[in-house]
Amino acid sequence: MKLSIVIPVYNVEKHLVRCVQSVVMQELSDYEILLIDDGSTDQSGTLCDELKNNNDSIRVIHQKNSGLSAARNTGIAAATGTYITFVDSDDELCNNTFKGNIEYLISHPEVDMLEYPVEVHASTPKAYQLSFPNETQTTDIFADWIRREGYAHCYAWNKIYRSELWREIRFPVGAYYEDTAVMPAIVRQCRSIHYSGQGCYRYIMHPCSITTSYRYEKQRQLFENNHRLYQEIKDNDSLRTEALRLWICCLNLLIDLGRCTDTDKNDYRAIIEETSRCRPSYKALLKAAPNMATRAKLLPLPLIGLKAYCHSYAKFSQPLQP
Numbered sequence: 002m003k004l005s006i007v008i009p010v011y012n013v014e015k016h017l018v019r020c021v022q023s024v025v026m027q028e029l030s031d032y033e034i035l036l037i038d039d040g041s042t043d044q045s046g047t048l049c050d051e052l053k054n055n056n057d058s059i060r061v062i063h064q065k066n067s068g069l070s071a072a073r074n075t076g077i078a079a080a081t082g083t084y085i086t087f088v089d090s091d092d093e094l095c096n097n098t099f100k101g102n103i104e105y106l107i108s109h110p111e112v113d114m115l116e117y118p119v120e121v122h123a124s125t126p127k128a129y130q131l132s133f134p135n136e137t138q139t140t141d142i143f144a145d146w147i148r149r150e151g152y153a154h155c156y157a158w159n160k161i162y163r164s165e166l167w168r169e170i171r172f173p174v175g176a177y178y179e180d181t182a183v184m185p186a187i188v189r190q191c192r193s194i195h196y197s198g199q200g201c202y203r204y205i206m207h208p209c210s211i212t213t214s215y216r217y218e219k220q221r222q223l224f225e226n227n228h229r230l231y232q233e234i235k236d237n238d239s240l241r242t243e244a245l246r247l248w249i250c251c252l253n254l255l256i257d258l259g260r261c262t263d264t265d266k267n268d269y270r271a272i273i274e275e276t277s278r279c280r281p282s283y284k285a286l287l288k289a290a291p292n293m294a295t296r297a298k299l300l301p302l303p304l305i306g307l308k309a310y311c312h313s314y315a316k317f318s319q320p321l322q323p
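Here the sequence shown stands for residues 2 to 323, numbered as in my numbering.
As structure tokens, then:
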């Protein structure tokens, strides 16, 4: 078996068939689709069984509702492919996404992970294309991933992995933004990574999507995962500029925490105080800021301090609605 495609399923009866059809149309000759029904309460579980009856390459596992991470972990444990990938059940793949990329991996067995393009926020006015340059990185893998700001697009999907990378790693059950928690560990194991210009994953935004619900606890986990990564690299002299860029990313996420309408103010202030203790110099931040695609307005930071800065920025910015 060459490729295992893990699709967690939970209450997506409106989208599931479209998603699975986009995978089946990939013209793969040796693959399996693992539909992990995570205790759906609509017709999703029944649809999984119907899809299985029409395609011998589909396997279905029904389990009690345990969340996205648990469903992916079930798929990882059941996968038999040399390679593994993930597709969310309300998204879809463009034609000719898997075939060429799998052929590349088979002909380059030293490559442990391949990342391919994404249409982010597909089918909305905010849609944009995340593309890659068709190149393979074979040395200094983790540092190169940081320099590419891979933490900004460390989605579990839009990547094909050698299955061995997941031998000891699982997604944290019950967590939000679980991709950002595990991807640094996955990258550290890679002997080489190929950035492919072929194919496209369509990341479709829906009103009920987890990532469109800006709750404090969810956004806090995203901040903490990025801040933990910053703490790991901040003393690495070869990544000094990249660490500053990551800190600016953390600053933006910290501001977003204050913009959540359900923010716990005391908890928020405590996080700001903790973050301020490892704040880089203002001069260094200004030097790094021009190369950031998205950044906070740093100008008043040394005048009013981090706590007042984040509080005032969040107060006068548009709230992030849940």
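We put the beta carbon where it would ideally sit given N, CA and C, even for glycine.
The Cβ atoms of Ile-62 and Thr-75 lie closer than 8 Å to each other. When Tyr-105, Thr-42, Leu-36 are compared, the shortest CA-CA separation from Asn-56 is found for Leu-36.
Counting only runs of 3+ residues, the beta strand (DSSP E) found wholly inside the stretch 118-192 occupies 119-123, 129-131, 136-138, 160-163, in chain order. For Val-25, the uninterrupted alpha helix (DSSP H) segment begins and ends at 17-25.
In the three-state DSSP reduction, Gln-222 falls in the helix class (H, G or I). When secondary structure is reduced to three states using DSSP, Ser-5 falls in the strand class. Of the candidates Lys-266, Asp-113, Cys-191, Tyr-84, the residue whose Cα lies closest to the Cα of Ser-5 is Tyr-84.
Going by DSSP, Asp-268 is part of the alpha helix (DSSP H) stretching over 266-277. The beta carbons of Ile-256 and Ala-244 sit about 19 Å from each other, so the pair does not count as a contact at 8 Å. Linking Val-188 to Leu-106 through their CA atoms gives a straight-line distance of about 16 Å.
Straight-line measurement puts the Cα of Thr-262 at about 6 Å from the Cα of Pro-320. In this chain, the alpha helix (DSSP H) harbouring Thr-75 covers 69-79. Short of 7 Å from the beta carbon of Arg-148, and not among the five residues preceding or following it, lie these beta carbons of its own chain, in chain order: Glu-243. Ranked by Cα distance from Asn-97, the first of Thr-47, Gln-22, Arg-278 is Gln-22. Partner residues in the beta bridge of Leu-321, as assigned by DSSP, are Cys-261. The residue from Ala-78, Asn-102, Gly-68, Leu-307 with its alpha-carbon nearest to that of Ile-249 is Leu-307. Our two residues, Ser-67 and Trp-158, have alpha carbons roughly 20 Å apart in a direct line. About 5 Å separates the beta carbons of Tyr-177 and Gln-222, which is inside the 8 Å limit, making them a contact pair. In the DSSP assignment, Leu-106 is bridged to no other residue. Relative to Pro-185, the option among Ser-214, Ile-205, His-195, Glu-150 whose CA is nearest is Glu-150.
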